[in-house]
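There are 2 protein chains.
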Amino acid sequence: MKIEFWFEFASTYSYPAAMRIEALAASRDVQVAWRPFLLGPIFQQQGWNDSPFNIYQAKGRYMWRDMERVCERQDIPLRKPSTFPRNGLLPARVVCAHSEQAWVPGFVRAIYRANFADDADISSPAIVEQCLTALGQDAATILATSQTPTAKDKLKAQTAEAMERGVFGAPSFVVGDELFWGNDRLEDALAWARR
Amino acid sequence: MKIEFWFEFASTYSYPAAMRIEALAASRDVQVAWRPFLLGPIFQQQGWNDSPFNIYQAKGRYMWRDMERVCERQDIPLRKPSTFPRNGLLPARVVCAHSEQAWVPGFVRAIYRANFADDADISSPAIVEQCLTALGQDAATILATSQTPTAKDKLKAQTAEAMERGVFGAPSFVVGDELFWGNDRLEDALAWARR
Numbered sequence: 000m001k002i003e004f005w006f007e008f009a010s011t012y013s014y015p016a017a018m019r020i021e022a023l024a025a026s027r028d029v030q031v032a033w034r035p036f037l038l039g040p041i042f043q044q045q046g047w048n049d050s051p052f053n054i055y056q057a058k059g060r061y062m063w064r065d066m067e068r069v070c071e072r073q074d075i076p077l078r079k080p081s082t083f084p085r086n087g088l089l090p091a092r093v094v095c096a097h098s099e100q101a102w103v104p105g106f107v108r109a110i111y112r113a114n115f116a117d118d119a120d121i122s123s124p125a126i127v128e129q130c131l132t133a134l135g136q137d138a139a140t141i142l143a144t145s146q147t148p149t150a151k152d153k154l155k156a157q158t159a160e161a162m163e164r165g166v167f168g169a170p171s172f173v174v175g176d177e178l179f180w181g182n183d184r185l186e187d188a189l190a191w192a193r194r
Numbered sequence: 000m001k002i003e004f005w006f007e008f009a010s011t012y013s014y015p016a017a018m019r020i021e022a023l024a025a026s027r028d029v030q031v032a033w034r035p036f037l038l039g040p041i042f043q044q045q046g047w048n049d050s051p052f053n054i055y056q057a058k059g060r061y062m063w064r065d066m067e068r069v070c071e072r073q074d075i076p077l078r079k080p081s082t083f084p085r086n087g088l089l090p091a092r093v094v095c096a097h098s099e100q101a102w103v104p105g106f107v108r109a110i111y112r113a114n115f116a117d118d119a120d121i122s123s124p125a126i127v128e129q130c131l132t133a134l135g136q137d138a139a140t141i142l143a144t145s146q147t148p149t150a151k152d153k154l155k156a157q158t159a160e161a162m163e164r165g166v167f168g169a170p171s172f173v174v175g176d177e178l179f180w181g182n183d184r185l186e187d188a189l190a191w192a193r194r
């Protein structure tokens, strides 16, 4: 049984999902495929050149308050990033190029923590390096293999695949052809994987 | 303890919320204030002249599938309305003009059932009349008092109040100044009301 976790490092509600998915899926014997993608091209198709939470201000105000409640309940820290949305291209390339590596789940959580708890610039190679080093990884080699033309194309292709499969926001969970959107649907998606 | 239930008869996710809120709130000793409003003016402010589920097609496709799952779990029927969104102005005026009446919760459910289970035209006086009559009410009198200038202004004012208080979609639940958006947040809103 497998669940695909489609996430974007800039996405607010992907943060609580990323922090809990590995343990929750393991407790239900479901395997997680970590599938980063970019929301930018998907939002552009919808006519947005910014996060909808910035474009639609009442919705944005609500989202930040709701995130406070969600993170409080999940007991994870939240500091509103001074830049939103933050460019998550580099860490997304890192995950995309190394998706089968055992350090990936910990790296994903470290990047989300940097963005949404430490207000750090996750587009900076120094921050990404720091997250990799803290996990005992060879940051220089990983950063190099994550920025080859092949690695860049892989993330582009993965974003195109997301669109083709109906993903329109993050986080999304896919089980076979069944799509679930939003952190609130993680439990339902896991239940679907166990059917 | 009181919860305000802000709903729009055209709104898909307001349907499962409307079908369960009265019993759920009662079980937790929370009173419900039934507050219909119109999404049209709010969406227009955001630059939309249609439901976002029609404008953003991937999101719309997902929503109808998600609604199937939500309604199946809640064991309520769902038939995709042949017209979406349906104009809910008339029944909204009826509720707004009679919000303290004991028949209102049953009427709200009857209109939602008409729209989302029976594919009936809820903008038609005949359908609204039928829902009122089935509840043992004097439909002609209620329809008349729901369409006076005072009644029309009351719904306009209530829609303006929704906007002022940060409501940007339906269903929304308000407890004091705390806003909760979406059928998924009903339990949280009720818990907030009991704090």
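Protein chains in written order, with numbering that gives the first Met the number 0: chain A, 0 to 194; chain B, 0 to 194.
Quick reminder that beta carbons are idealized off the backbone N, C-alpha and C, glycines included.
Fair warning: this is a prediction, and the values are worked out from it, not measured in the lab.
Check the Cβ-Cβ distances between B:V166 and every residue of chain A, and say whether any is below 9 Å.
For this step, residue 166 of chain B is matched to residue 167 along the second sequence. Cβ-Cβ to chain A under 9 Å: yes for B:V166.
If you drop the 5 nearest sequence neighbours on each side, which residues of the same chain put their C-beta closer than 7 Å to that of A:F105?
The residue given as residue 105 of chain A occupies position 106 in the first sequence. According to the sequence provided, residue 105 of chain A is Gly. The question's Phe does not apply to it. Cβ within range, chain order: L134.
Please confirm if the region 7-15 of chain B is in contact with the region 20-38 of chain A, defined as three or more CB-CB distances below 8 Å between the two stretches.
no
Any Cβ of chain A within less than 9 Å of the Cβ of B:R64?
Position 65 of the second sequence, counted from the start, is the residue given in the question as residue 64 of chain B. It does; some Cβ of chain A falls within 9 Å.
So B:D183 contacts chain A; which residues on that side make the cut at Cβ distance below 9 Å?
Walking along the second sequence from the start, residue 183 of chain B turns up at place 184. G181, D183 and R184, listed in chain order.
Pick helix, strand or coil for A:Q197, following the three-state DSSP scheme.
Here chain A comprises residues numbered 0 to 194, so residue 197 of chain A is not present and cannot be evaluated.
Put A:W180 into one of helix, strand or coil per three-state DSSP.
Here residue 180 of chain A is taken as the residue at index 181 of the first sequence, counted from 1. In the structure shown, A:W180 sits in a strand (DSSP, three-state: E or B).
Can you find at least 3 beta carbon pairs, one from the region 117-124 of chain B and one from the region 47-65 of chain B, that sit closer than 8 Å?
no
Going by beta-carbon coordinates alone, are B:F172 and B:F4 separated by less than 9 Å?
Sequence index remark: in the second sequence, residue 172 of chain B carries index 173 (1-based). Sequence index remark: in the second sequence, residue 4 of chain B carries index 5 (1-based). Taking 9 Å as the Cβ cut-off, B:F172 and B:F4 qualify as a contacting pair.
Tell me the residue span of the alpha helix (DSSP H) that contains A:R108.
Within the first sequence, numbered from 1, the residue matching residue 108 of chain A stands at position 109. Unbroken alpha helix (DSSP H) run through A:R108: V103 to F115.
A:A57: contacting residues in chain B (beta-carbon distance under 7 Å):
As a first step, residue 57 of chain A must be located in the first sequence, where it is residue number 58. What A:A57 touches in chain B: G165 and F167.
Which residues in the same chain have their Cβ closer than 7 Å to the Cβ of B:A17, if we skip the five residues on either side of it in sequence?
Taking the second sequence and counting its residues from 1, one reaches residue 17 of chain B at position 18. Closer than 7 Å at the Cβ level, and outside the excluded window around B:A17, lie F6, V107, R108 and Y111.
Kindly give me the distance between the Cβ atoms of B:K153 and B:C95, rounded to whole angstroms, as I take these residues to be in contact under 8 Å.
Taking the second sequence and counting its residues from 1, the one referred to as residue 153 of chain B is at position 154. Taking the second sequence and counting its residues from 1, the one referred to as residue 95 of chain B is at position 96. Correct: roughly 5 Å between the Cβ atoms.
First and last residue of the uninterrupted beta strand (DSSP E) at B:R34:
In the second sequence, residue 34 of chain B corresponds to position 35, counting from 1. That run of the beta strand (DSSP E) goes Q30 to P35.
Let's test the definition: count the other Cβ atoms within 10 Å of the Cβ of A:G87 and tell me whether it reaches 16, buried, or not, exposed.
Translated into positions along the first sequence, residue 87 of chain A becomes position 88. A:G87 should be labelled buried.
Which one or two residues does DSSP pair with A:F172 in a beta bridge?
The residue given as residue 172 of chain A occupies position 173 in the first sequence. Partner(s): A:F4 and A:F179.
Using a Cβ-Cβ distance cut-off of 9 Å, determine whether B:D118 contacts chain A.
One-based indexing of the second sequence puts residue 118 of chain B at position 119. Not one chain A Cβ lies under 9 Å of B:D118.
In whole angstroms, what is the alpha-carbon distance linking B:G168 and A:V166?
Here residue 168 of chain B corresponds to residue number 169 of the second sequence, with the count starting at 1. Here residue 166 of chain A corresponds to residue number 167 of the first sequence, with the count starting at 1. Approximately 21 Å between the Cα atoms of the pair.
Given B:V174, which residues of its chain have a CB within under 7 Å of its CB, disregarding the five upstream and five downstream residues?
Walking along the second sequence from the start, residue 174 of chain B turns up at place 175. If we look at B:V174 and ignore the five residues flanking it on each side, its Cβ neighbours are I2, A188, W191 and A192.
A:W180 and B:D65 - do their beta-carbons sit closer together than 9 Å?
Counting from one through the second sequence, the residue named residue 65 of chain B turns up at place 66. Counting from one through the first sequence, the residue named residue 180 of chain A turns up at place 181. Closer than 9 Å, so yes.
For B:P84 and B:V127, which I take to be in contact (beta-carbon distance under 8 Å), what is that distance rounded to the nearest angstrom?
Translated into the one-based positions of the second sequence, residue 84 of chain B becomes position 85. Translated into the one-based positions of the second sequence, residue 127 of chain B becomes position 128. Their Cβ separation, rounded to whole angstroms, is 17 Å, which puts B:P84 and B:V127 out of contact at 8 Å.
Residue-level contact to chain B via CB, A:R194, 9 Å cutoff:
Here residue 194 of chain A refers to the residue found at position 195 when the first sequence is read from its first residue. A:R194 does not count as touching chain B.
Look at A:Q30 and A:M0 and say whether their C-beta atoms are less than 9 Å apart.
As a working mapping, residue 30 of chain A is identified with position 31 in the first sequence. As a working mapping, residue 0 of chain A is identified with position 1 in the first sequence. Contact flag set, yes.
Counting C-beta neighbours from all protein chains within 10 Å, is the total for A:R92 16 or more, i.e. buried, or is it exposed?
Indexing the first sequence from 1 puts residue 92 of chain A at position 93. Buried, since its Cβ has 16 or more Cβ neighbours within 10 Å.
Is the beta carbon of A:Q146 less than 9 Å from the beta carbon of A:W102?
Against the first sequence, residue 146 of chain A aligns to sequence position 147. Against the first sequence, residue 102 of chain A aligns to sequence position 103. Against a cut-off of 9 Å, the Cβ pair of A:W102 and A:Q146 comes out as no contact.
Mind reading off the beta-carbon distance from B:L217 to B:I75? Whole number of angstroms is fine, and I expect it under 8 Å.
Examination of residue 217 of chain B is not possible in this model, given that chain B is present from 0 through 194 alone.
Roughly how many whole angstroms lie between the Cα atoms of A:T144 and A:A150?
Stepping through the first sequence from its first residue, residue 144 of chain A is reached at position 145. Stepping through the first sequence from its first residue, residue 150 of chain A is reached at position 151. Rounded to whole angstroms, A:T144 to A:A150 spans 7 Å at the Cα level.
Examine the ligand ADP and report whether any of its heavy atoms sits within less than 8 Å of the Cβ of A:T144.
This structure lacks the ligand ADP, and indeed carries no ligand of any kind.
Rounded Cβ spacing between B:L77 and B:F115 (contact assumed at less than 8 Å):
Taking the first residue of the second sequence as 1, we reach residue 77 of chain B at position 78. Taking the first residue of the second sequence as 1, we reach residue 115 of chain B at position 116. Sure, about 6 Å apart at Cβ, within 8 Å.
When DSSP labels each residue in this structure, what does B:Y61 get in the three-state scheme?
The count along the second sequence starts at 1 and reaches residue 61 of chain B at position 62. Here B:Y61 sits in helix by DSSP.
At a CB-CB cut-off below 8 Å, which residues of chain A make contact with B:R60?
Taking the second sequence and counting its residues from 1, one reaches residue 60 of chain B at position 61. Near B:R60 (Cβ distances below 8 Å), the residues of chain A are G165.
Mapping DSSP to helix, strand and coil, what is A:Q100?
Here the question's residue 100 of chain A lines up with position 101 in the first sequence. Looking at A:Q100 - three-state DSSP - the assignment turns out to be coil, as it is neither helix nor strand.
Beta-carbon proximity list for A:E177, same chain, < 7 Å, skipping 5 on both sides
In the first sequence, the residue the question calls residue 177 of chain A occupies position 178. Only W191 meet the Cβ criterion.
Mind listing the chain A neighbours of B:L178? Cutoff is C-beta to C-beta under 8 Å, in chain order.
As a working mapping, residue 178 of chain B is identified with position 179 in the second sequence. Result: Y61 and R64.
Would you give the residue range spanned by the alpha helix (DSSP H) that B:T11 belongs to?
Looking up residue 11 of chain B in the second sequence gives position 12. Per DSSP, B:T11 belongs to no alpha helix (DSSP H) and is neither H nor E.
Closest by C-alpha distance to B:Q100, when choosing among B:E67, B:L131, B:R68 and B:P15:
Start at 1 with the first residue of the second sequence, and residue 100 of chain B comes out as number 101. Selected option, being the one with the closest Cα: B:L131.
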